[in-house]
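Student: Position 75 (the sequence shown) corresponds to 739 in my numbering; numbering is contiguous.
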Amino acid sequence: MSNPTIGFIGLGIMGKPMARNLLKAGYMLVVQNRSRAAVDELTKEGAHAATNSQEVAARSEIIITMLPDSSDVELVYAGDKGIFSGVKSGSLLIDMSSISPVVARKLATDAEKRGCDMLDAPVSGGEAGAISAALSIMIGGKTSAVERAMPIFQALGKNIVHVGEAGAGQVTKAANQMVVGTTIAIVGEALVLAKKAGVDPAKVRQALLGGFAQSKILEAHGQKMLDRNFKPGFRIRLHEKDMKIALATGSEYGVPLMVTGIVGQMMTAMKGMGNGDLDHSGLVRLIEQMSKVELG
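(1) With distances taken from CA atoms, which of Met730, Asn840, Thr715 is nearest Asp744?
(2) According to DSSP, simplified to helix, strand and coil, what is Lys895?
(3) Would you kindly work out how many angstroms separate the C-alpha atoms of Ala798 and Ile824, rounded to a whole number?
(4) Along the chain, where does the beta strand (DSSP E) that runs through Thr836 open and close?
(5) Is it buried or exposed for Met907, if we count other Cβ within 10 angstroms and need 16 for buried?
(6) Using only CA atoms, which one of Ser735, Met692, Arg723, Met930 lies nearest to Ile850?
(7) I want to know whether the stretch 824-833 touches the stretch 775-791 - three or more CB-CB distances under 8 Å.
(8) For my contact list, Gly886 and Arg869 are in at a C-beta cut-off of 8 Å; report their separation, rounded to the angstrom.
(9) Would the stretch 864-880 and the stretch 696-715 be scored as touching if the rule is three or more Cβ pairs under 8 Å?
(10) Nearest-angstrom Cα distance between Ala772 and Gly828?
(11) Identify, in the order they occur along the chain, each residue of the same chain with its Cβ nearer than 7 Å to the Cβ of Gly936, setting aside the five sequence neighbours on each side.
(12) With a threshold of 8 Å on Cβ separation, who are the neighbours of Ala839 within its own chain once the five nearest residues in sequence on each side are excluded?
(13) What are the start and end residues of the alpha helix (DSSP H) that includes Leu911?
(14) Tell me the residue span of the beta strand (DSSP E) that contains Gly804.
(15) Can you look up Gly789 in the DSSP assignment and give me helix, strand or coil?
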């Protein structure tokens, strides 16, 4: 049985390597992106170009979207020449963006009215995880749809968890971004404190990696802070958006997310200073500025 044709919309830092991994896995891809360069790059590798989301849907059996925000996803699905205007009954829709759980549930309901299943399947792992097909994928939606999509997910990630019904994947991603964002902030504070106190922050990081403070954030992003490497794997402005989603979800369910709120405001400050396109490890620069010291 041949692989289904996959439509892939959104070829940014995460989407392009994900689409490339699907090509490597033997899938025929129909791709579309706001800017043309990524489309041209992938067509040279075997993908087929489409001019709009409607065309992608009409030419595909499974459609994947990987877009920046809830409004972008809504526009691509329900806007003029969007997916819903071209999708065939029986198609499977997979949104791998990080968006509001409320929007995810609404789109799943709208997809069902058109005879389609829809999964919300946001990811974690950053650009490196996307390139190496080692993403963590958090899925909300019907079990039957998850089973249908599983070979695709296995071509993109390693830790694949069906969390629950529509929207559950986005709630999980919000929780993930809370943990990642607050941990980046506290790693930054710890290393800057060491520097200001006259202790080598690189040696502090090394010591902490051997105890309960050990984490992937301390390992990877702590090193980025020391190296002054803020080339975006995941941009601060996108993480700020995710923190706002988390705060809105907390408000909806009556859960006070006080630490999340503080770190979200730190990200807002960085964006206001013109640093929104730095990697989220660049949050340390705000702490450095307030402390009048630099790690590097």
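Even for Gly, the Cβ is constructed at its ideal location relative to N, Cα and C.
Tutor: A quick look at the data gives this:
(1) With distances taken between Cα atoms, Asp744 lies closest to Thr715.
(2) coil
(3) 10 Å
(4) Annotation: Thr836 is outside any beta strand (DSSP E); the continuous alpha helix (DSSP H) that includes it extends over 832-860.
(5) buried
(6) Met930
(7) yes
(8) Going by Cβ atoms, the distance from Gly886 to Arg869 rounds to 5 Å, so yes, they are a contact pair.
(9) No: the two stretches stay apart, fewer than three of their Cβ pairs being nearer than 8 Å.
(10) 13 Å
(11) none
(12) Ala910
(13) 900-917
(14) 799-804
(15) coil
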